[in-house]
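Participant: In our numbering, the protein residues as written are 13 to 483.
Can you keep this structure in mind? I'll have questions shortly.
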Amino acid sequence: MKEYKALINGEFINNGEWLEVLDPFKNEVAGKVTALKAEDIEHAFKSARAAQESWEKTDLVKRIELLHNFRNVLLKNKDEIAAVMTSEISKSLKDSLTEVVRTVELIDFTLEEAKRMEPLSMTGEGMGAKNKIGIFSRVAKGVILAISPFNYPFNLALAKIVPALVMGNTVVFKPATAGSLVGALIGELSIQANFPKGIFNVVTGRGREIGDIITTNKEIDMISFTGSVSIGNNIKEKGSSKDLVLELGGKDPALVLDDLDLHNYAKQIVDGAFGYSGQRCTAIKRVITTNKIADKLVPLLIDNINKLTVGSPYENKDITPVIDQKSADFIKGLVDDAKTKKAKILVGNKFEKNLIWPTLIDNVTLDMKVAWEEPFGPILPIIRIEDINEMIKISNDSNFGLQASVFCKDISLAIQVSKKIKTGTVNINGKSQRGPDCFPFLGIKDSGQGVQGVKESLISMTRYHGIVINY
Ligand code: NAP
Ligand code: G3P
């Protein structure tokens, strides 16, 4: 069991306070991180500010070279990173490793794209000002606060850190407490990659204790946050930066419009709903279909669910414990509410502490909480509706607007329906997902604001600086 110090101004800091991070499967301490105090956080932001100007002045090719070196160090340590990830968030070893490798690929794309962030140049001729030439370069915003959630502690951290740094910003990074061992390890590996002092700082501690202190720091130029709607809204209200990218929760629907490829639809739906035990913002969180289709789809969903293995993340089981007991209790509450209101539980509904067997709930009606709330666990409601317009309405009546799936062989109908669905993205004949990570990724309504991606993150972490030449 390792103790990880925070990283501030290139130094590892511990002020004597340790915070235990639990292994959700073994229910024992997986490691400890530093519980920082307000003065340490102030030090982190001051260090990021002090380092920013010279970092931005460093040639782009040098910044890319350093980050490429960091990428190599991360890849070299992929097995350790994956093992630490499994120990603190119960993601299977196999999936943890996939997350690390996928992220290295995202870093490669990001560093390539950074080379192509050419300035915009134009004349004023079209507006009657032909003696003016404008050159608008993208420059760093300054100090970026990156806050990540527990479920993708490596991917969602580096998807912020790398575009911020490559464009000349400095970073203060606050990982989720479950996920902070990986976060602190990223800090250690940045030092192995010879990061200059202060450009990258890792601050750890419980969000409910230090969150407001972090997000209201006056040095922040931009906050990039991924997590729940409630914390995202809290940052919107109290955070010091008006410049905010928020990637929040979802209640992604899968609309099944025909029965022409049900074997494939069922596989996609089960993968989408139960991957990492449903703890993905992009998980399929409700199926909406007609009675006729549901009667054929349900047995196929059950077949696929029955193939899922349940248990230890160390043995690469498909369904592993959810992050903590509080989450498990919340999920059980949703199932119990549906049961009381006469939903049919077809499989699952077995709970052993925070390990939950994959659960399929049929005949879900709109008065049930599970029709609207994000469970973040391995349960899937089926809502039976006859009319396509009504299906679209139910999809859109949600406060969330992250992603949706439309399963339909008639591509023109699929496109027509997709255009009416109010989410950031609609996937036709595939599960909802953020990957491949080169795609723009966004949520609307309560699911977020701003866009992440490769180019989109480079843009969001920079601003224009214009020079106008009069001749
Ligand atoms: P969370 O509870 O909102 O926590 C997210 C981050 O915020 C953590 O680092 C947390 O630290 C920190 N935090 C807590 N209180 C804070 C405060 N007052 N001020 C500032 N930061 C604070 O979310 P989670 O449980 O880790 O992740 C699950 C949620 O994230 C789900 O709703 C999921 O849909 C969403 N998510 C969205 C996306 C997307 O891209 N749209 C991707 C992944 C996950 P502590 O852990 O120390 O509390
Ligand atoms: O839940 C977070 C999201 O980043 C997951 O990515 O590709 O599995 O949808 P993906």
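Glycine residues also receive a C-beta, built at the ideal position from the N, C-alpha and C atoms.
Note that the structure is a prediction, hence the values are computed from the model and not measured.
Whole angstroms are fine: how far does the CA of F453 sit from the CA of V174?
Facilitator: 16 angstroms
Participant: So, is L272 buried or exposed, given that buried needs 16 or more other C-beta atoms within 10 angstroms?
Facilitator: exposed
Participant: With distances taken Cα to Cα, identify the nearest neighbour of S104 among Q461, I391, E327, D35.
Facilitator: E327
Participant: With C-beta atoms as the reference, is I211 less than 9 angstroms away from L177?
Facilitator: yes
Participant: Suppose only complete runs of 4+ residues qualify. What are the alpha helix (DSSP H) ranges in the stretch 26–106, listed by chain order?
Facilitator: List check, alpha helix (DSSP H) in window: 50–69, 72–88, 90–101.
Participant: If we call anything under 9 angstroms between Cβ atoms a contact, is N411 one with D379?
Facilitator: 9 angstroms or more divides the Cβ of N411 from the Cβ of D379.
Participant: Give the single residue among A56, M134, G455 whose Cα lies nearest to the Cα of G478.
Facilitator: M134
Participant: Quick check on the DSSP output: what are the complete beta strand (DSSP E) runs of length 3 or more inside the stretch 383–429, in order along the chain?
Facilitator: Those beta strand (DSSP E) runs which fall completely within the stretch 383–429 and span 3+ residues are 391–396, 415–419.
Participant: Return yes when at least one heavy atom of the ligand NAP lies under 8 angstroms from the C-beta of E110, else no.
Facilitator: The amino acid at residue 110 is misidentified as Glu; the sequence shows Thr. Not under cutoff, so the answer is no.
Participant: Among the candidates L168, L201, L170, F162, whose CA atom is the shortest distance from the CA of A188?
Facilitator: It is F162 whose Cα lies nearest to the Cα of A188.
Participant: By a C-beta neighbour count over all protein chains shown, 10 Å radius and 16 as the cutoff for buried, is T352 buried or exposed?
Facilitator: exposed
Participant: Measuring straight from C-alpha to C-alpha, what distance separates S192 and G140?
Facilitator: 56 angstroms
Participant: State whether the stretch 143–152 contacts the stretch 110–126, with contact taken as three or more CB pairs (one from each stretch) at a distance under 8 angstroms.
Facilitator: no
Participant: So, helix, strand or coil for I296, using DSSP?
Facilitator: strand
Participant: Nearer than 8 angstroms: is that true of the beta carbon of V241 relative to any heavy atom of the ligand NAP?
Facilitator: A distance criterion of 8 angstroms places the beta-carbon of V241 in contact range of the ligand NAP, judged by its closest non-hydrogen atom.
Participant: Report the option in S252, D336, P333, A278 whose CA atom is closest to the CA atom of K319.
Facilitator: A278
Participant: Helix or strand or just coil, what does DSSP make of V334?
Facilitator: coil
Participant: State buried or exposed for P208, treating a residue as buried only when at least 16 other CB atoms are found within 10 Å of its CB.
Facilitator: In the assembly as shown, P208 is an exposed residue. Its beta-carbon has fewer than 16 other beta-carbons within 10 Å.
Participant: How many angstroms separate the CA atom of T371 from the CA atom of V33?
Facilitator: 28 angstroms
Participant: Grab me the residues of N167's own chain with a C-beta within less than 6 angstroms of its C-beta, minus the 5 sequence neighbours each way, in chain order.
Facilitator: E111, T115
Participant: Note down the Cα distance separating P86 from A95, rounded to an integer number of angstroms.
Facilitator: According to the sequence provided, residue 86 is Leu. The question's Pro does not apply to it. Taking the straight line from one Cα to the other gives about 13 angstroms.
Participant: I'd like the ranges of any alpha helix (DSSP H) spanning at least 4 consecutive residues and lying wholly in the stretch 115–188.
Facilitator: 167–178
Participant: With I404 and A306 assumed to form a contact (beta carbons below 8 angstroms), what rounded beta-carbon distance in angstroms separates them?
Facilitator: That pair is no contact at about 17 angstroms.
Participant: Determine the closest residue to S59 out of V466, G154, E124, with distance taken between C-alpha atoms.
Facilitator: G154
Participant: Can you check whether the CB of V299 is closer than 9 angstroms to the CB of V347?
Facilitator: Contact: no.
Participant: Compute the minimum distance between the beta carbon of T115 and the heavy atoms of the ligand NAP, and state whether it is under 8 angstroms.
Facilitator: no
Participant: Consider the C-beta atom of F121 and the heavy atoms of the ligand G3P; say whether any pair is separated by less than 8 angstroms.
Facilitator: For the ligand G3P, not one heavy atom lies less than 8 angstroms from the Cβ of F121.
Participant: Alpha carbon to alpha carbon, how far is I203 from F363?
Facilitator: Separation of I203 and F363 (C-alpha to C-alpha, rounded to the nearest whole angstrom) is 42 angstroms.
Participant: Report yes if the C-beta distance between V151 and R475 is below 9 angstroms; otherwise report no.
Facilitator: yes
Participant: On the DSSP bridge assignment, give the partners of Q461 in chain order.
Facilitator: L258
Participant: What number of angstroms, rounded off, separates the C-alpha of Y483 from the C-alpha of M473?
Facilitator: Computed Cα separation, rounded: 32 angstroms.
Participant: Using a threshold of 9 angstroms, state whether the C-beta atoms of I243 and G223 are closer than that.
Facilitator: yes
Participant: For a test of the three-state rule: what should DSSP assign to K250, helix, strand or coil?
Facilitator: helix
Participant: Taking L313 and V282 to be in contact with their CB atoms under 8 angstroms, please state how far apart those CB atoms are, rounded to whole angstroms.
Facilitator: 6 angstroms
Participant: Assuming the contact rule is C-beta atoms closer than 8 angstroms, F388 and S444 should be a hit. Round their C-beta distance to whole Å, please.
Facilitator: About 14 angstroms separates the two Cβ atoms, so there is no contact after all.
Participant: So, at 6 angstroms on beta carbons, what are the nonlocal neighbours of E68 in its own chain, with the 5 sequence-adjacent residues on each side left out?
Facilitator: A152, G180
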